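Worksheet: the structure to be examined is printed underneath.
Residue numbers (the working numbering), protein chains in the order written: chain A, -17 to 119; chain B, -17 to 119; chain C, -17 to 119; chain D, -17 to 119; chain E, -17 to 119; chain F, -17 to 119.
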């Protein structure tokens, strides 16, 4: 049984701040430093979605990359690109938009849209020097 | 006369929106599209500062890169990193923070701090796919 | 007068072979080596289009990057992407599709579509290790 | 027992088309879109070969990278570089040269040449935005 | 249980030579080639430290990246940067500083400083074309 | 007259130290900091050689890139790769091997080997964050 992982890169630009609404502003500033700036800062998030499964012998595809590309555009880019994650993306109303949490939210969104026999991994670069990987629970 | 250009890369993460305060919101939305989002979005700006001049025969340097690195840290990174450019950087109170204008502002700041016999060029990546270059007036 | 250069990256994937139709096959093989393979080979061409001009004081733009992006899509990507340059792109019917010649053809196409007061430069990566730049005649 | 994975990057440029010879041209066009273009298109394939095993205490190597580099040159680059994969590489006479299938073929070729106690993984970039990984059956 | 891997990139520049002190110079030259040059050569080592664990629900962090960045600076960069690995880093007095061995040494240093419930992986690029990964014994 | 610039990337790994032999060790340490380390450190130098000239209408080439690649291998890589620049490269016996000076030396070597009607520019990355450009006197 030949299993291959296919990867597609995408990207979105967004503003955010790191903030725990149950903490005082002072504690937020202590823990999150300049990332807690109430005026926000932002990033070019680079996203890599990986899907692992068997090669379909008729097409030679694990999953058609055109379909994966469109899925990322509709489900992630349209929802996250040029947005303020704290203010405009419902998932972060009560969840701190760290790279870790953003990766988990993206995985949860895509997991529902990708066939269950395929494994899913999300890699998210917050900067070219910081990135996270989530492979599911 | 042997002139060489030395380059140093740096980076800062910031929020911004594109907005002309003399226009209606509708016109801002028409011209700037999702970049006009009043809740802001953001970028990892990658900056390349280039300094051209003669090689000092004693040191072999056009300019000590340690000094250039520190200059960028103090003059640019401390002012721009993890900031909201529209709200927190004085230069953009009445100036739209497009990549073009940010590059000119950075050039103007650094120009005053670098010896006049050296030429200065600023390259600013707003995303890995969009970048601007300013060589001075 | 403040002039800035804005750059936009794009890409297309194409097949080609290097071939001078006025030469014998033997001479083509001698000069162009494995690049003359009659069955073709191919590249991921990465394109950087640079436009230099004054910043519009109302928009802060030299040129709206959304418009430049669309122009490249319509004029270049639709014509070159997933094509055989020798067989399917008219400009190369009698012109060897070297990186040099492809860059000149792209420049000629875009030059007609960009305002004459703006300077145009085309950079074309044939591979991550080989690239060419054309700034116009 | 200290196991480390060593990686070597290589590259080849090739033409291909996606095509199932048992299907009609219409169905090929529907499924593979512009990738089915009968005149071919092409890519700069970037290859990463990973070998995992114990460090030899005398050399400090898992595997001498010079030998791995030469192996990739002889077994992969000489066979695939500047070739039309559909027309000139025997493995794809009856196999669609998708990135997935190319990675499996490369893995199968290298597997026979690398000591059995070493694990092998092949990563293949078809473009800077699409890539696949094959770790073996 | 939601586990995410966070990664931080860092870098150091160092000189080294490959050399087994129990071998003759001739055997060193045969096995290690130009890497055995007694006058040394050097590299820009690029390091990626990956830490996997549960997300802290209060902070949204697996590990505060500021702390990980500082840990790498103090424990690795200060010890390795602008050094001759063979001559000046105690760990390589009797250990050949191959990429494999350097990665293991870095992992051993960091392992003692990172909470035991977190998994640690070290990736080390010796050049942009050669890199190694060590996940622990 | 259509002039295009063709670029070829190459690389070499070398050890060096920054040092002015007419200065005391103390002054060398003050000016060059850890770069003056007498045990040396090193870099992966990435080199881009650019040649500008008219396109030959028969070949479509400014200069055959295979020939430029071989020229860089013979003249630069064989002389500089896996060497100690201070100790083993004659040009630096009395010249401090800063990035600026290395670029000038490489330009001087290549200038003699490239047709005089072609312009030559050398770009040298000492690290991914520091690089220099020399276009000739």
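Positions of the beta carbon are idealized from the N, C-alpha and C atoms, including for glycine.
Given the structure is predicted, the values throughout are model-derived calculations rather than measurements.
CB-CB length for residue i against residue j, believed under 8 angstroms
i: residue 58 (chain E); j: residue 96 (chain E); result: About 12 angstroms; that fails the 8 angstroms criterion.
i: residue 64 (chain B); j: residue 23 (chain A); result: 4 angstroms
i: residue 47 (chain D); j: residue 112 (chain E); result: 6 angstroms
i: residue 35 (chain B); j: residue 100 (chain B); result: 4 angstroms
i: residue 45 (chain A); j: residue -12 (chain A); result: 6 angstroms
i: residue 21 (chain A); j: residue 70 (chain B); result: 6 angstroms
Residue i: contacting residues in chain F (beta-carbon distance under 7 angstroms)
i: residue 64 (chain E); result: 16, 17, 19, 23
Cut-off 6 angstroms between Cβ atoms - residues of its own chain near residue i, not counting five sequence neighbours on either side
i: residue 81 (chain E); result: 106, 108, 114
i: residue 77 (chain D); result: 83
i: residue 14 (chain A); result: 0
i: residue 32 (chain E); result: -13, -11, 103
i: residue 91 (chain E); result: 57
i: residue 62 (chain D); result: -6, -4
Amino acids of chain B, ordered along the chain, whose beta-carbon sits closer than 7 angstroms to that of residue i
i: residue -13 (chain C); result: 114, 115
Interface residues of chain A facing residue i [CB-CB closer than 8 angstroms]
i: residue 61 (chain B); result: Those do not exist, as residue 61 (chain B) stays about 12 angstroms from chain A at its closest Cβ, beyond 8 angstroms.
Helix, strand or coil at residue i according to DSSP, with G and I counted as helix
i: residue 111 (chain D); result: coil
i: residue 49 (chain C); result: helix
i: residue 30 (chain E); result: strand
i: residue 40 (chain A); result: coil
i: residue 119 (chain F); result: coil
i: residue 13 (chain F); result: helix
i: residue -16 (chain B); result: coil
Beta-carbon neighbours of residue i, restricted to chain E and to distances below 8 angstroms
i: residue -5 (chain F); result: 23, 24, 25, 109
i: residue 85 (chain A); result: -14
Listed by chain order, chain B residues near residue i by CB distance under 8 angstroms
i: residue 40 (chain A); result: By Cβ distance, chain B contributes nothing, its closest Cβ being about 35 angstroms from residue 40 (chain A), past 8 angstroms.
Close-in-space but distant-in-sequence residues of the same chain around residue i (CB under 8 angstroms, 5 per side omitted)
i: residue 93 (chain C); result: 102, 118
i: residue 29 (chain F); result: -9, -8, -7, -6, 54, 58, 88, 104, 105, 106, 107
i: residue -17 (chain A); result: 36
i: residue 127 (chain B); result: The shown model of chain B, from -17 to 119, leaves out residue 127 (chain B), and the question about it has no answer.
i: residue 16 (chain D); result: 23
Under 7 angstroms from the C-beta of residue i: neighbouring residues of chain E
i: residue 70 (chain F); result: 21
i: residue 48 (chain D); result: 15
i: residue 73 (chain A); result: Simply none; closest approach about 12 angstroms.
Contact set between residue i and chain B, taken where Cβ atoms lie within less than 9 angstroms
i: residue 12 (chain F); result: Those within 9 angstroms of residue 12 (chain F) in chain B number zero; the least Cβ separation is about 11 angstroms.
Same chain, Cβ closer than 7 angstroms to residue i, neighbours up to 5 away in sequence not counted
i: residue 18 (chain A); result: -1, 0, 1, 10, 11
i: residue 74 (chain B); result: 67, 68
i: residue 26 (chain E); result: -7, -5
i: residue -15 (chain A); result: 34, 35, 36
i: residue 52 (chain C); result: none
i: residue 7 (chain E); result: none
i: residue 50 (chain E); result: -10, 31, 33
Per-residue contacts from residue i into chain C (C-beta, under 9 angstroms)
i: residue 37 (chain F); result: 80, 82, 83, 86
i: residue 2 (chain B); result: 40, 41, 42
i: residue -10 (chain F); result: 111, 112, 113
Where residue i meets chain A, residues with beta-carbon distance less than 9 angstroms
i: residue 119 (chain D); result: -17, -16, -15
Those runs of the alpha helix (DSSP H) which lie wholly inside the segment 66 to 115 of chain F and span at least 4 residues:
67 to 70, 81 to 93
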